[in-house]
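The numbering used here puts the last residue of the sequence shown at 804; the count rises by one with no breaks. Note that CB positions come from ideal geometry on N, CA and C, so glycine has one too. Every value quoted in this text rests on a predicted model; they were computed, and no experiment measured them.
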Amino acid sequence: MNHSSDQSGRLPAAFLRPGSSSFTEFVREYSPDVLPAARVLPAGALPGGGPGAGEAPHATTIVALVFADGVVMAGDRRATAGPMIAQRDITKVFQTDEHSCAGIAGVAGLAVEMIRLFQVELEHFEKLEGTLMSFEGKANRLSTMIRGNLGLAMQGLAVVPLFAGYDLDAGRGRIVGYDVTGGRSEERDHHTVGSGSIFARGALKKLYRPGMSEAETVRVAVEALWDAADDDSATGGPDLLRKIWPVVGVVTAAGFRKVPDAELEPVVEAVVAGRRGNPGGNPGITGQEA
């Protein structure tokens, strides 16, 4: 954000005046043109109408699961632009504060900008108020930001994040899903977003059990992403040759933790081994029996 100061080097009065604890509201008042939602597409830049929204890289698929000590969120690494693979190792799961994370689906560039702005929003609130925002407050703030993008969404540049975290007040993991208008809904046990979500959700219905351990939940998340990649061309499966694994985040009362690749690799290899001769993942069939 550009701002000017007087010859004494002082910041403009807007930066010194007490106001809302919302960073987004401050920017909307002081310099609204820098917000992602303020962008205007050029004529003809609509899906199917030549260069523009139709060829902007899109990100899918995200899964989130509640487990005994918190919540796990995982995302595949592929971004597509039409029928082309735009990027093989995009990051779609982000830590948003000490006890929450968000996954992105939709137009990748706008989605990443929205999550970065959301991260600043939460940090700004914490600095001004001297306390962490409640889980409900965080979910509502993200809903407002999605609603602010509705104009671009109606032009084909939709962003639909998935939000999850550990609710310190309730003492449990929680998941919140959104629609393109910013409407939010609390999701029980697990949820998915993105083009491969229908296939990932089917896998979660068969594999998920309440009260699973962190390790079991991470394994189920990887299995669900595998099933999504198996049927959805926009979702990328684990890349054994390039050693590109899903991004997996875990949030508990202790905070956010990104599962390191060294820890995730044997999980992916176990999933791949279990699918040899049994690509559908039928638990009643082993690779030796196939």
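Span separating the alpha-carbon of residue i from that of residue j
i: L739; j: G725; result: 21 Å
i: P793; j: P774; result: 26 Å
i: V674; j: E627; result: 13 Å
i: L755; j: A776; result: 15 Å
i: L721; j: D745; result: 18 Å
i: R698; j: C615; result: 16 Å
i: T695; j: G791; result: 43 Å
i: R661; j: V621; result: 15 Å
i: T610; j: A784; result: 30 Å
i: A743; j: E643; result: 43 Å
i: D603; j: H572; result: 13 Å
i: G596; j: G670; result: 13 Å
Boundaries (first-last residue) of the beta strand (DSSP E) holding residue i
i: L579; result: I576 to F581
i: K772; result: G769 to K772
Classification of residue i by the beta-carbon crowding that lies within 10 angstroms, buried from 16 upward
i: V634; result: exposed
i: M659; result: buried
i: G685; result: exposed
i: S727; result: exposed
Residue closest to residue i, alpha-carbon to alpha-carbon, out of the options
i: V707; options: A619, R655 and G751; result: A619
i: G795; options: G696, V736, D775 and R702; result: V736
i: E612; options: R733, V765 and R789; result: V765
i: V577; options: G589, P571, V585 and A570; result: G589
i: G687; options: A573, A570, F770 and P780; result: F770
i: V607; options: R789, P780, V762 and G644; result: V762
i: T594; options: P752, A570, D693 and A784; result: A570
i: A748; options: V694, A714 and K652; result: A714
N- and C-terminal bounds of the alpha helix (DSSP H) containing residue i
i: I712; result: S711 to L721
i: D706; result: First, the amino acid is wrong: residue 706 is Thr here, not Asp. Element bounds for T706: not the alpha helix (DSSP H) but the beta strand (DSSP E), H704 to V707.
i: E700; result: Taken as a continuous stretch (DSSP letters only), E700 belongs to no alpha helix (DSSP H), being part of the beta strand (DSSP E) at R698 to E701.
**Asked** Does the segment 636-644 come within contact of the segment 666-680, defined as at least 3 CB pairs closer than 8 Å?
**Response** no
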